[in-house]
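This report concerns only the one structure given below.
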Amino acid sequence: MDKPKGQIKVGCVEDDDFWKFSVADNGPGIEEKHFERIFQIFQTLSPRDEFESTGVGLTVVKKIVEMYGG
């Protein structure tokens, strides 16, 4: 199955004594009602037989950000 080429954009802006980082992609997006669930380990929004995912990626990213005070 042909899919559009994935894109990820990373940005940063200095804000007084801090830096603000942003990450955006051209994926399907996430509805606001799922915001809490997506950071729980082993959670995915798509059925596993439709999209291969472990459900740990965002959990790990959130932990790293929190460790650095973000």
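Numbering of the sequence shown is given in UniProt numbering, commencing with residue 1 and proceeding in unit increments. Virtual Cβ for every residue (Gly too), placed ideally from N, Cα, C. Model, not experiment: these values are computed from the prediction.
Among all the DSSP beta bridges, which residues are the ones paired with Lys20?
-> Val13
Output the boundary residues of the alpha helix (DSSP H) element that contains Ile38.
-> Where Ile38 is concerned, there is no enclosing alpha helix (DSSP H), given that its DSSP letter is neither H nor E.
Since I believe Ile41 is in contact with Gly55 (beta carbons under 8 Å), could you give me their beta-carbon distance rounded to a whole number of angstroms?
-> 7 Å
Are the region 30 to 41 and the region 55 to 64 touching, with three or more C-beta to C-beta distances below 8 Å?
-> yes
Range of the contiguous alpha helix (DSSP H) that encloses Leu45 | Element bounds for Leu45: n/a, residue is neither H nor E.
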